[in-house]
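Remarks on the structure that follows.
Residue numbers (this note's numbering), protein chains in the order written: chain A, 71 to 399; chain B, 39 to 602.
So this is what it looks like as structure tokens:
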């Protein structure tokens, strides 16, 4: 089990990570989510042994890892852009760690073939990395990392360099592959979609500090503060009387602030809120509206495609309690 | 406010960091120790020994003497001539080098690789050979004798620029080649004419490379030795030749030391400046734009490049022609005479033996320069953790650039005065000359290898480490595949530089074991048409050898060779 105990890291006296404590039980996937500059990559690099910890300790199964060099930690690290060895074929990239361990040739070849099959690249063994697409390269990098059966797999924004469609597909694959291999993994990312698609647990990091940590659904349902809610993909955070109105319409217990998804309000003649449509825009599944709700102000809402309201039209809105989250003061 | 989370936490906060940091520093020290010791023993000690000779009078340090020397009218003349001849030569080199950089690195021209290699030859050409070639071109009976430039300041400026134009071409050409063409295309799309694009987009982007090249060229011109000594006669003297005259002819060590100190200070300032201005190193991640076909608008550039080729080619052609004439007729006599020791006891050994000697020395100097340069490049390019480590690496980087600008004459003479004492007497060792030449080649090796190593994405090494590869294995997996070609190129470069080295060698080579440049200088200094003809022939042989080596190097296609 990986434990971070009050880990602090600073570069030349400037703190990048401050007193972060986290536990990652074996077999789980933890996503550290944070905007760029939040210190999440620094944290990952410290776990890998690429940065020195300036305070606290990185502990594995009760043993402090300070002074243990990267290559003795048994943690495989997968980069955003794969960092394949360009002069080695796909098979030799994947088998790299096996050769380091002097695994017998035939056995290593079998294992490489297995891994390539696992990541869906059977028969790619003799290709050179330069001939692969971005997604294929990431798959090879993943297979290369898994070859050592690492105690812990560290993933640094593994899907960010890919385009949207590919990212979604590969995120699902990544989750399945990690489950199938039973790998413990620590993933850092700035993309909450990526975190949700892959991880069991979520830790939110901001300005070097741990803001919130927990099971992924729990973090999602109750973000710790406004900034976290916005970062998790909520469209707006309402406060004061506006929040009170929407909370009431949703039939929720009173809360000082309410994070609202873009699709939390929908047009419904029986809805509790009344407002005037300011703008309407078609999207494939629904029509997205901006509605001026009395006492709340402008909010996002959605309507079905069959009879979308036009700007200027008065509408009533229903609140979906599953798409809002109360935020403590 | 902070509460330790467990009993082990407070201790864990300090101790492990010290351990990890210490390990890294020890590795750094272990890698750096050989080059630092070598540079200390064979550069710092001799140079400071030389300086001490001049500064310490009767056991007392007397800085007033330095000021006295710097106040002499002759020294003023020397300083002034050094400054303006180097400036003029730098300006000429930049002016001639820019069009060629464009043509040879940006245009899809047949034979451009061959031309690039040939234009790199003057830089490694022995300075003495350059001197002889220009002498041959400009002397009264030479093809350009009617200009009356023999032993003139103009001849020296021409010689210095000839020698250094390739530096401009390499540095600026490399930058130009990797220049993103899109901003220029964007400017053109906004209505800028080709001339405006050049002025507003291309030139500003190239400025760091141009300034960097110019500062290095100035440095080389200001410390030019062989060219000035052979072309300047007795009329013109630069700081470097003046140091030589003061030490060997006038035995005024104090004045020589004073000039050396001045040179050291100026060179250090210039090196610091050029390091600051040095363009972002290229390396593996560098994007090279595809050369484009020649267009009508390129003719001025092509014309300027043709002028450059004539300028570089004419002295060499004259040299070759001169070497093939004996008593007014075409003959291979001069080459046949290379098997002899010349007339009127010019030499102790035949030129052929000197050539064999040169090659042996160059081989030794090459492996030394490669070993030291490889270690230095490795040390200065590894990623630093923390400010202290970065500072140490930065200081080492600057330290190993010092031989680039310190007078080879000072080094050579310093060897003589210091290495005779102390634990080992190296003065008679056959390794003395190779060591001195290795030091001269060291900065060039470092400058060839360091950008390549720095260009490797450090995450490649991290990926290897995270897969379980130790430092050595990481080096073999990640660095070696990228660096072996540059290593080979650096070897060729060091070999060529060593073959042509004259400044330090002229002091250190023994009469019975001379190198070819030393022999050439001796032959032109001796009367007799046969001796002069032999000097020309030996120059051609030396030039051809270095040219062949550089052609081989160019085939390796390493961008950082000859770039600074």
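Ideal placement from N, C-alpha and C gives every residue a C-beta, glycine not left out.
For residue j and residue i, the rounded distance between their alpha carbons
i, j, result
"residue 282 of chain B", "residue 255 of chain B", "21 angstroms"
"residue 307 of chain A", "residue 328 of chain A", "5 angstroms"
"residue 178 of chain B", "residue 188 of chain B", "7 angstroms"
"residue 351 of chain B", "residue 194 of chain B", "17 angstroms"
"residue 389 of chain A", "residue 139 of chain A", "54 angstroms"
"residue 525 of chain B", "residue 165 of chain B", "25 angstroms"
"residue 85 of chain A", "residue 74 of chain A", "17 angstroms"
"residue 253 of chain B", "residue 308 of chain B", "7 angstroms"
"residue 319 of chain B", "residue 494 of chain B", "Note that residue 319 of chain B has pLDDT 44, beneath the 50 cutoff, so the model's placement of it is unreliable and no number is given."
"residue 325 of chain A", "residue 317 of chain A", "7 angstroms"
"residue 542 of chain B", "residue 81 of chain B", "12 angstroms"
"residue 127 of chain B", "residue 134 of chain B", "10 angstroms"
"residue 174 of chain A", "residue 517 of chain B", "26 angstroms"
"residue 94 of chain A", "residue 101 of chain A", "10 angstroms"
"residue 201 of chain A", "residue 504 of chain B", "25 angstroms"
"residue 288 of chain B", "residue 342 of chain B", "45 angstroms"
"residue 358 of chain B", "residue 429 of chain B", "50 angstroms"
"residue 270 of chain A", "residue 247 of chain A", "14 angstroms"
"residue 297 of chain A", "residue 304 of chain A", "10 angstroms"
"residue 339 of chain B", "residue 389 of chain B", "42 angstroms"
"residue 391 of chain A", "residue 172 of chain A", "57 angstroms"
Short CB-CB distance (under 8 angstroms) between residue i and chain A
i, result
"residue 594 of chain B", "no"
"residue 146 of chain B", "no"
"residue 361 of chain B", "no"
"residue 510 of chain B", "no"
"residue 524 of chain B", "no"
"residue 323 of chain B", "Here residue 323 of chain B scores only 41 on pLDDT, less than 50, and its place in the model is too uncertain to base an answer on."
"residue 497 of chain B", "yes"
"residue 501 of chain B", "yes"
"residue 505 of chain B", "yes"
"residue 424 of chain B", "yes"
"residue 419 of chain B", "no"
"residue 242 of chain B", "no"
"residue 320 of chain B", "Low confidence applies to residue 320 of chain B: its pLDDT is 40, below 50, so where it sits in the model is not reliable enough to give any reading."
Given residue i as reference, the closest of the options once Cα atoms are compared
i, options, result
"residue 556 of chain B", "B:594, B:580 and B:191", "B:580"
"residue 301 of chain B", "B:121, B:194, B:213 and B:409", "B:121"
"residue 527 of chain B", "B:547, B:270, B:407 and B:552", "B:407"
"residue 302 of chain A", "A:320, A:168, A:325 and A:276", "A:276"
"residue 454 of chain B", "B:75, B:63, B:89 and B:67", "B:89"
"residue 112 of chain A", "A:368, A:101, A:141 and A:80", "A:80"
"residue 478 of chain B", "B:513, B:533 and B:154", "B:533"
"residue 187 of chain A", "A:161, A:129 and A:173", "A:161"
"residue 226 of chain B", "B:564, B:235 and B:219", "B:235"
"residue 223 of chain A", "A:229, A:117 and A:200", "A:117"
"residue 71 of chain B", "B:409, B:500, B:388 and B:295", "B:409"
"residue 404 of chain B", "B:183, B:171, B:531 and B:369", "B:531"
Residue-level contact to chain B via CB, residue i, 8 angstroms cutoff
i, result
"residue 267 of chain A", "no"
"residue 74 of chain A", "no"
"residue 377 of chain A", "no"
"residue 324 of chain A", "no"
"residue 140 of chain A", "yes"
"residue 209 of chain A", "no"
"residue 218 of chain A", "yes"
"residue 406 of chain A", "Shown here, chain A extends from 71 to 399; a query on residue 406 of chain A therefore has no answer."
"residue 396 of chain A", "no"
Heavy atom of the ligand ADP within 7 angstroms of residue i beta-carbon
i, result
"residue 280 of chain B", "Only the bare structure without any ligand can be found here, which leaves the ligand ADP out of the picture."
Checklist entry - What are the uninterrupted segments assigned as beta strand (DSSP E) that are 3 or more residues long and contained completely in the stretch 286-342 of chain A, given in chain order? => result 306-309, 327-330 and 335-337
Item to check | Minimum length 4: unbroken alpha helix (DSSP H) runs contained in the stretch 473-547 of chain B | outcome: 496-504, 509-512, 518-538 and 543-546
Next on the checklist: I'd like the ranges of any alpha helix (DSSP H) spanning at least 4 consecutive residues and lying wholly in the stretch 196-238 of chain A.
Outcome noted: 204-217
Next on the checklist: For a minimum of 4 consecutive residues, which ranges assigned as the alpha helix (DSSP H) are wholly contained in the stretch 92-135 of chain B?
Outcome noted: 101-108
Next on the checklist: Quick check: the stretch 289-306 of chain B against the stretch 581-589 of chain B, are at least 3 beta-carbon pairs closer than 8 angstroms?
Outcome noted: no
Next on the checklist: When you compare the stretch 286-294 of chain A with the stretch 124-138 of chain A, are there three or more beta-carbon pairs, one atom per stretch, that lie closer than 8 angstroms?
Outcome noted: no
Checklist entry - In chain order, which beta strand (DSSP E) runs of at least 3 residues are fully inside the stretch 101-130 of chain A? => result 125-130
Checklist entry - Are the stretch 235-250 of chain B and the stretch 261-268 of chain B touching, with three or more C-beta to C-beta distances below 8 angstroms? => result no
Checklist entry - Are the stretch 339-348 of chain A and the stretch 365-380 of chain A touching by the rule of at least three beta carbon pairs closer than 8 angstroms? => result yes
Next on the checklist: Extract the residue ranges of the alpha helix (DSSP H) inside the stretch 222-270 of chain B, only unbroken runs of 4 or more that lie entirely within it.
Outcome noted: 232-235, 241-260 and 264-270
Item to check | Uninterrupted alpha helix (DSSP H) stretches inside the stretch 381-424 of chain B (no shorter than 4 residues) | outcome: 389-419
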